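Read the structure below first, then the notes.
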Amino acid sequence: MADAYIIDAVRTFRSIGKMGKGALSTMHPEHLSATVLTALKDRNNLNTADVDDVIWGVSGAIGLQGGDIGRNAALDAGYDVKAGGVTMNRFCGSSITTTNFAAAMIMSGMHDLVIAGGMDMLSYVNYYGMKMREAGLGGGGMGTGNPRLQAKHPQSNQGVCADAIAAIEGITREELEEMGVESQRRAAVALKEGRFDKSTIVVKDDEGNVILDHEEYPRPETTKEGLAQLKPAFEMFLNMPSQEGGKTYGELIQQKYPDVDIKPIHHVGISSGVVDGAAAILLASKDYADKHGLKPRARIVAMAEIGDDPTLMLNAPVPAAQKVLAKAGLTKDDIDVWEVNEAFAVVVEKFIRDLDLDRAKVNPNGGSIALGHPIAGTGAILIGTALDELERTGGRYGLITMCAAGGMAPAIIIERV
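The sequence shown begins at 6 in my numbering and counts up one residue at a time.
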């Protein structure tokens with residue numbers, strides 16, 4: 006089996022995901038995606054006719070984000086028409102999975118040069134969703150309005166799931182707020198020291214004017230005292246009907262876990278930020294890289310996808326990490342950098358406790374609590390962040406994983422070369 010190598014990784018800065026407030030919110034989603042594809046093309050002097058495929062992730066596949074952005078963004082970025090493009094959805098885990106798919110195609114020998122990545126503009130998704138609801142065309146939520154599925158596998162609001170997991174695990178709000186403050190502190194240090202500079206790119210408009218050249222979301226002034234004053238963000242959903250005449254979001258969880266006493270504790274300071282952003286990763290076979298003067302930065306060691314309980318929804322990263330470690334023939338002690346998406350603080354706190362990890366190695370430069378979570382773009386962001394950190398510190402292995410809606414998690418291990 007051939008090896009697959011990461012040649013380069015780029016990502017936009019992240020902007021606040023609110024229409025009219027965030028710097029990126031007026032962009033077309035295909036333009037934002039094309040920004041990172043253009044950067045990969047220009048930074049690596051690519052002959053885009055050689056690109057076998059652009060495998061792209063989009064979670065909010067509605068309206069302007071509803072087409073095949075992988076193909077359209079590549080064309081918009083000036084890629085040769087021979088470069089294919091496909092778009093897929095594994096919710097939050099999309100762009101780890103697109104990277105896994107790209108690597109698998111190279112390792113199988115079917116492809117030589119592939120781009121993976123993803124994006125979401127939550128400013129647009131939330132705006133469009135609001136308009137659909139106002140028109141009476143709202144969706145069915147996590148359970149997609151499928152009563153048979155909800156009877157088999159009730160799926161609730163993710164924030165309520167996070168609160169339920171905290172209750173089951175006995176994890177307190179105060180413990181999670183410590184993680185929220187630490188995420189902000191680490192991100193502030195990373196930004197001050199330029200740890201993201203190699204991979205972050207400035208976003209410009211068609212006239213060359215700078216739209217975004219910094220991270221909009223971080224709150225480095227965050228303190229435990231300040232977080233203690235915030236109201237729980239998902240309390241309103243706990244007793245809200247999931248659909249007209251249906252069970253509440255809390256009852257959906259208690260349908261399967263009748264003894265759990267859900268106490269609302271997660272709030273904006275310990276949940277992932279709502280942002281817009283995109284990221285892309287260039288992968289190649291060794292033969293192609295050697296013939297075209299591309300210098301590999303990392304080797305793909307192993308990949309995994311796994312499903313877990315869709316009712317609690319957020320617990321799959323632990324079994325995903327265990328599965329990918331087994332595939333790689335490695336142990337947790339071999340991993341120098343762990344990137345675990347901070348969808349909610351409880352996800353990472355449980356991950357660290359279950360695997361008994363050194364906290365200093367997990368999200369060493371902060372995470373989505375501080376920097377934001379552009380859903381389908383986050384996985385590729387985390388892979389690039391892990392690679393940057395391995396190069397900065399001289400580490401060898403990085404493991405990247407994250408929870409995804411429906412109770413899933415992809416995972417990947419990379420090796421710095």
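Idealized CB from N, CA, C, for every residue including glycine. Since we're looking at a predicted model, the values are computed, not measured.
Report task. Can you give me the Cβ contacts of glutamate 240 inside the same chain, cut-off strictly under 8 angstroms, excluding the 5 residues immediately before and after it? Result -> Same-chain partners within the cutoff: Pro269.
**Report entry** Contact set for arginine 186: own chain, Cβ-Cβ below 6 angstroms, skip 5 residues either direction
**Finding:** According to the sequence provided, residue 186 is valine. The question's arginine does not apply to it. Contacts found: Thr227, Lys229.
Requested in this report: With methionine 112 as the anchor, note down where its alpha helix (DSSP H) starts and where it stops.
Outcome: 99–112 is the span of the alpha helix (DSSP H), which, as asked, contains methionine 112.
**Report entry** Every unbroken alpha helix (DSSP H) inside the segment 26–103 [4 residues or more]
**Finding:** Here the runs fully enclosed are 34–48, 74–81.
Requested in this report: Thinking lysine 355 and isoleucine 176 are a contact (beta carbons under 8 angstroms), I'd like their distance in whole angstroms, please.
Outcome: Cβ-Cβ separation between lysine 355 and isoleucine 176: approximately 7 angstroms, consistent with a contact (criterion under 8 angstroms).
Query raised in the report: For serine 128 versus aspartate 281, is the C-beta distance shorter than 7 angstroms?
Result: In contact: serine 128 and aspartate 281 (Cβ atoms closer than 7 angstroms).
Query raised in the report: Does the segment 357–377 come close enough to the segment 79–90 to have 3 or more Cβ pairs within less than 8 angstroms?
Result: The answer is no - the segment 79–90 does not touch the segment 357–377, with fewer than three Cβ pairs under 8 angstroms.
Query - Residues near glycine 27 in its chain [Cβ-Cβ closer than 8 angstroms; skip 5 each side] - result: Listed in chain order, the non-local C-beta contacts of glycine 27 below 8 angstroms within the same chain comprise Ser20, Ile21, Ser128, Glu221, Val280, Asp281, local neighbours out to five positions each way being set aside.
Requested in this report: Consult DSSP for methionine 241 and reduce its assignment to one of helix, strand or coil.
Outcome: In this structure, DSSP gives methionine 241 a helical state, which the three-state scheme calls helix.
Query - As assigned by DSSP and simplified to three states, the class of glutamate 226 - result: Of the three classes helix, strand and coil, the one that applies to glutamate 226 here is coil, per DSSP.
Requested in this report: State the Cα-Cα distance for the pair leucine 330 and proline 322, rounded to the nearest angstrom.
Outcome: Distance between the alpha carbons of leucine 330 and proline 322: 12 angstroms.
Query - Beta-carbon spacing of serine 100, glycine 384 below 7 angstroms - result: Result yes, Cβ atoms of serine 100 and glycine 384 sit closer than 7 angstroms.
Query raised in the report: How should leucine 142 be labelled, buried or exposed, when 16 other C-beta atoms within 10 angstroms of its C-beta is the threshold for buried?
Result: Around the beta carbon of leucine 142, a 10 Å sphere encloses fewer than 16 other beta carbons of the protein chains shown; the residue is thus reported as exposed.
Query raised in the report: For leucine 58 versus glycine 98, is the C-beta spacing smaller than 7 angstroms?
Result: This sequence places aspartate at residue 58; leucine is not what is there. Taking 7 angstroms as the Cβ cut-off, aspartate 58 and glycine 98 do not qualify as a contacting pair.
Query raised in the report: Based on the DSSP output, what are the partners of leucine 217 in its beta bridges?
Result: Leucine 217 pairs with Val208.
Requested in this report: Could you tell me which residues DSSP pairs with leucine 335 in its beta bridges?
Outcome: Note: leucine 335 sits in no beta bridge, so no partner.
Query raised in the report: Is it buried or exposed for histidine 219, if we count other Cβ within 10 angstroms and need 16 for buried?
Result: By the 10 Å Cβ count, histidine 219 comes out exposed.
Report task. Starting from the Cα of isoleucine 405, find the closest Cα among Val342, Thr40, Asp211, Gly123 and give me that residue. Result -> The shortest C-alpha to C-alpha distance from isoleucine 405 to any of Val342, Thr40, Asp211, Gly123 is the one to Val342.
Requested in this report: Determine whether the Cβ of glycine 75 lies closer than 7 angstroms to any Cβ atom of chain B.
Outcome: Checking the listed chains, one finds no chain B in this structure; it contains a single protein chain.
Report task. Taking 7 angstroms as the cut-off, decide whether the C-beta atoms of asparagine 105 and isoleucine 357 are in contact. Result -> Their beta carbons are not under 7 angstroms apart, which means asparagine 105 does not touch isoleucine 357 by this criterion.
Requested in this report: List the endpoints of the continuous beta strand (DSSP E) containing methionine 413.
Outcome: Here the beta strand (DSSP E) through methionine 413 covers 413–421.
Query raised in the report: Between the segment 29–47 and the segment 299–316, do at least 3 Cβ pairs fall closer than 8 angstroms?
Result: Result no; under three Cβ-Cβ pairs closer than 8 angstroms.
Query raised in the report: Is proline 159 helix, strand or coil by DSSP?
Result: DSSP, reduced to helix, strand and coil, places proline 159 outside both helices and strands of the structure shown, so it counts as coil.
Report task. Would you kindly report the start and end of the unbroken beta strand (DSSP E) that includes arginine 304? Result -> Here the beta strand (DSSP E) through arginine 304 covers 303–312.
Report task. Reducing DSSP to helix, strand and coil, say where glutamate 249 ends up. Result -> Here glutamate 249 sits in coil by DSSP.
Query raised in the report: How many angstroms separate the CA atom of arginine 421 from the CA atom of aspartate 266?
Result: About 45 angstroms.
Query - Whether aspartate 13 touches asparagine 49 by CB criterion (7 angstroms) - result: Against a cut-off of 7 angstroms, the Cβ pair of asparagine 49 and aspartate 13 comes out as a contact.
Query raised in the report: Can you tell which of Lys136, Glu212, Thr53, Lys291 has its C-alpha closest to the C-alpha of serine 113?
Result: The candidate whose alpha carbon is nearest that of serine 113 is Lys291.
Query raised in the report: If you run the structure through DSSP and keep just helix, strand and coil, what is tyrosine 254?
Result: If DSSP states are grouped into helix, strand and coil, tyrosine 254 belongs with the helices.
Query raised in the report: Counting Cβ pairs closer than 8 angstroms, one from the segment 206–217 and one from the segment 389–401, do we hit at least three?
Result: A contact is defined here as three or more CB-CB pairs under 8 angstroms, and the segment 206–217 fails this definition with respect to the segment 389–401.
Query raised in the report: isoleucine 170 by DSSP, collapsed to three states: which one?
Result: DSSP places isoleucine 170 in the helix class (H, G or I) of the three-state scheme.
Query raised in the report: Excluding five sequence neighbours on each side, which residues of the same chain lie with their C-beta closer than 7 angstroms to the C-beta of lysine 236?
Result: Only His272 meet the Cβ criterion.
Query raised in the report: Going straight from the alpha carbon of glycine 146 to that of alanine 375, what length do you get?
Result: Approximately 26 angstroms, taken between the alpha carbons.
Report task. Name the one or two DSSP bridge partners that alanine 289 has. Result -> Beta bridge pairing from DSSP links alanine 289 with Tyr10, Leu118.
Query raised in the report: Using DSSP with H/G/I as helix, E/B as strand and the rest coil, what is valine 345?
Result: If DSSP states are grouped into helix, strand and coil, valine 345 belongs with the strands.
Report task. Assign asparagine 244 to buried or exposed, taking buried as 16 or more other Cβ atoms, counted over all protein chains shown, within 10 Å of its Cβ. Result -> With fewer than 16 other Cβ atoms inside 10 Å of its own Cβ, asparagine 244 counts as exposed.
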